[in-house]
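> Pasting a structure here, questions to come.
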DNA sequence: ACATAATCGGAACCTGAGTTCCGATTCCGG
DNA sequence: CCGGAATCGGAACTCAGGTTCCGATTATGT
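See the structure below:
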């Protein structure tokens, strides 16, 4: 209504680098991030802002000063995790054995999700957020190379395409919490099965990927 | 406070068979069930009671008369689905080729989940409900036999145990909604990979299953 | 057709959780 | 050491969505 009403910058986190952010502010920002990591990892998206604030020993208001929205906080932390994935994918590219590199990446990816419920929820139920975070961290490129390399070496089945990766990671995302409740689950068994399914030569013929 | 306060029968659906339920009541019950199926399939657990009521052309009160709680309704419908799975597993046992029978069961399981968001959410995020529904429908037994048979025939890897099935189904649950949003996703590709991973002989050694 | 009781419908209520607001507090340059 | 500005904290607000309530409606036995 008011002509000067300004939109909230659509969910972005408040700049962390700010030319001159007061020292206590930066300190609190870190505390919020750390608390957020822990709470979101434990309770997933259900984690409550108040819990995060309490754990950070800070008022809710402070949390909101740094992250205008719960989603903003979640996104920020998701971005962190994806950066980690991307880094790992790059490292894996250096592995002399392309298959081992690929497998290591998958293992890392699964284990991260097993320890971070929020991440696994994003992977499994929020394609939007996931796409953004993945793009933002440039995950696609190293993963594509990883796949191409392993296929050229003849160890990865020929019919998987880079676009399958989100799908695979989603499956992995779900598995961790499958049967039992403990954070320690049987995800490594599941991963083992999927990896064997990804080896060359393929037996089951896959339908063509849908855009 | 009042000494005669009576507890709500802990989430059970109201008996459907009732000795003498009024005809319109039974009719409405059906309408609610049908609407519930559709809404839950589309929106998962987020489906709203009012939407269900509206779709059933009925008031919310009526929904609550038949199902004292949203969970009760969800449970009731989950039970239906699990009954279907169990039936399919029994049929699969009759297949002359144990591997084909097993694969068919997995395919059915995945496709049901691809078309029912609520079911896939239960599989992926509510071990409790899932366990109950599975036990209630006796799913475990035919599945165990299916596995044993396929292993004896030498087509299914030796190191999978019946307890892995929930895990596998969870992964399948997640995959459907992986990358894209459309109800039609690439789940069949994912299933193909997992099936190949389940074939004998195993390559990757799986860690022992955790209770 | 009538009485009675079960059933219906949907407005109103309640709770939980994200978000806003503003007086109190803390930082930092002069 | 001071003053102003940025930051903090947490009470209060808002809103969505599950659940309850009760007068109106409708089915069923006689």
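Chains as they are written, first to last, in the numbering used here: chain A, 2 to 212; chain B, 2 to 212. From the three backbone atoms N, C-alpha and C, an ideal C-beta is built for every residue, glycine too. Bear in mind that the values here come from a model prediction, so they are computed numbers and not experimental data.
(1) Could you name the residues of the same chain whose beta carbon sits closer than 6 Å to that of residue 99 (chain A), not counting the 5 residues immediately before and after it, in chain order?
(2) Measure the C-alpha to C-alpha separation of residue 76 (chain B) and residue 175 (chain B) and round it to an integer number of angstroms.
(3) Kindly indicate which three-state DSSP category residue 196 (chain B) falls into: helix, strand or coil?
(4) Would you please verify whether the beta carbon of residue 189 (chain A) is less than 7 Å from any beta carbon of chain B?
(5) Measure the Cβ-Cβ separation of residue 46 (chain B) and residue 134 (chain B) and say whether it is below 7 Å.
(6) Who are the Cβ neighbours of residue 184 (chain A) in its own chain at under 6 Å, not counting the five residues just before and after it?
(7) Can a CB atom of chain B be found closer than 7 Å to the CB of residue 175 (chain A)?
(8) Report yes if the CB atom of residue 90 (chain A) is closer than 7 Å to the CB atom of residue 103 (chain A), and no otherwise.
(9) So which residues of chain B does residue 205 (chain A) contact, with C-beta pairs closer than 8 Å?
(10) Is there contact between the region 126 to 140 of chain A and the region 49 to 59 of chain A, where contact requires at least three CB pairs shorter than 8 Å?
(11) Quick one: is residue 172 (chain B) near chain A, going by C-beta distance under 7 Å?
(12) Given this structure, state the Cα-to-Cα distance separating residue 115 (chain A) from residue 22 (chain A), to the nearest angstrom.
(13) Figure out for me which residue from B:124, B:117, B:166, B:210 has the closest Cα to the Cα of residue 186 (chain B).
(14) Quick one: measure Cβ to Cβ for residue 208 (chain A) and residue 190 (chain B), integer angstroms, because I've assumed they're closer than 8 Å.
(15) Report the residue from A:112, A:48, A:64, A:167 whose alpha carbon sits nearest the alpha carbon of residue 28 (chain A).
(16) Looking at the C-beta of residue 179 (chain A), does it have a partner C-beta in chain B at a distance below 7 Å?
(17) For residue 129 (chain B), count the other beta carbons within 10 Å of its own beta carbon; 16 or more makes it buried, fewer makes it exposed. Which is it?
(18) When DSSP labels each residue in this structure, what does residue 207 (chain A) get in the three-state scheme?
(19) What is the residue span of the alpha helix (DSSP H) that residue 173 (chain B) lies within?
(20) Can you list, in chain order, the residues of its chain whose CB lies under 7 Å from that of residue 170 (chain A), leaving out five sequence neighbours each side?
(21) Do residue 203 (chain B) and residue 160 (chain B) come within 7 Å of each other at the CB atom, strictly closer than that value?
(22) Give the single residue among A:193, A:167, A:74 whose Cα lies nearest to the Cα of residue 34 (chain A).
(23) Expressed to the nearest angstrom, what Euclidean distance is found between the alpha-carbon atoms of residue 141 (chain A) and residue 93 (chain A)?
(24) Note down the Cα distance separating residue 197 (chain B) from residue 37 (chain B), rounded to an integer number of angstroms.
(25) Compute the Euclidean distance between the alpha carbons of residue 85 (chain B) and residue 96 (chain B), then round it to the nearest angstrom.
Reading it off the structure:
(1) Position 98 of the first chain, counting from 1, holds the residue named residue 99 (chain A). Excluding residues within five positions, the ones whose Cβ falls inside 6 Å are 150, 151, 154.
(2) Locating residue 76 (chain B) in the second chain gives position 75, where the first residue counts as 1. Locating residue 175 (chain B) in the second chain gives position 174, where the first residue counts as 1. Cα-Cα distance, rounded: 20 Å.
(3) By 1-based counting over the second chain, the position of residue 196 (chain B) is 195. In this structure, residue 196 (chain B) counts as helix in the three-state DSSP scheme.
(4) As a working note, residue 189 (chain A) is residue 188 in the first chain. It does: the Cβ of residue 189 (chain A) has a partner Cβ on chain B nearer than 7 Å.
(5) If you number the second chain from 1, residue 46 (chain B) lands on position 45. If you number the second chain from 1, residue 134 (chain B) lands on position 133. Contact flag unset, no.
(6) As a first step, residue 184 (chain A) must be located in the first chain, where it is residue number 183. The pLDDT assigned to residue 184 (chain A) is 47, lower than 50, so where the model puts this residue is not dependable; a value taken from the coordinates is nonetheless given after this. None.
(7) As a first step, residue 175 (chain A) is located in the first chain; it is residue number 174 there, counting from the start. Answer yes: the Cβ-Cβ gap between residue 175 (chain A) and chain B drops below 7 Å somewhere.
(8) Here residue 90 (chain A) is taken as the residue at index 89 of the first chain, counted from 1. Here residue 103 (chain A) is taken as the residue at index 102 of the first chain, counted from 1. Going by C-beta atoms, residue 90 (chain A) is not nearer than 7 Å to residue 103 (chain A).
(9) The sequence position of residue 205 (chain A) within the first chain is 204, counting from 1. Going along chain B in sequence order, the residues near residue 205 (chain A) (Cβ under 8 Å) are 193, 194, 196, 197.
(10) no
(11) Reading the second chain from its first residue, position 171 is the one you call residue 172 (chain B). Yes, contact with chain A.
(12) If you number the first chain from 1, residue 115 (chain A) lands on position 114. If you number the first chain from 1, residue 22 (chain A) lands on position 21. Their backbone Cα atoms lie some 35 Å apart in a straight line.
(13) The residue labelled residue 186 (chain B) in the question sits at position 185 within the second chain. Cα-wise, what sits closest to residue 186 (chain B) is B:117.
(14) As a working note, residue 208 (chain A) is residue 207 in the first chain. As a working note, residue 190 (chain B) is residue 189 in the second chain. That pair is a contact at about 6 Å.
(15) Here residue 28 (chain A) refers to the residue found at position 27 when the first chain is read from its first residue. Closest option to residue 28 (chain A), Cα to Cα, is A:64.
(16) Numbered from 1 along the first chain, position 178 holds the residue referred to as residue 179 (chain A). Unreliable placement is indicated for residue 179 (chain A), whose pLDDT of 49 sits below 50; the coordinate value is still reported in the next sentence. Answer yes: the Cβ-Cβ gap between residue 179 (chain A) and chain B drops below 7 Å somewhere.
(17) Along the second chain, read from residue 1 onward, the residue named residue 129 (chain B) stands at position 128. It counts as exposed.
(18) Translated into the one-based positions of the first chain, residue 207 (chain A) becomes position 206. Looking at residue 207 (chain A) - three-state DSSP - the assignment turns out to be coil, as it is neither helix nor strand.
(19) Position 172 of the second chain holds residue 173 (chain B). Where residue 173 (chain B) is concerned, the enclosing alpha helix (DSSP H) stretches over 165 to 175.
(20) Start at 1 with the first residue of the first chain, and residue 170 (chain A) comes out as number 169. These residues qualify, in order along the chain: 110, 124.
(21) Here the question's residue 160 (chain B) lines up with position 159 in the second chain. Here the question's residue 203 (chain B) lines up with position 202 in the second chain. It is a contact, given that the beta carbons lie within the stated cut-off.
(22) Position 33 of the first chain, counted from the first residue, corresponds to residue 34 (chain A). With distances taken between Cα atoms, residue 34 (chain A) lies closest to A:74.
(23) For the purposes of this step, residue 141 (chain A) is identified with residue 140 of the first chain, where counting begins at 1. For the purposes of this step, residue 93 (chain A) is identified with residue 92 of the first chain, where counting begins at 1. One C-alpha to the other measures close to 14 Å.
(24) Translated into positions along the second chain, residue 197 (chain B) becomes position 196. Translated into positions along the second chain, residue 37 (chain B) becomes position 36. So the alpha carbons of these two residues sit roughly 36 Å apart.
(25) In the second chain, residue 85 (chain B) corresponds to position 84, counting from 1. In the second chain, residue 96 (chain B) corresponds to position 95, counting from 1. Going by the C-alpha atoms only, they are around 17 Å apart.
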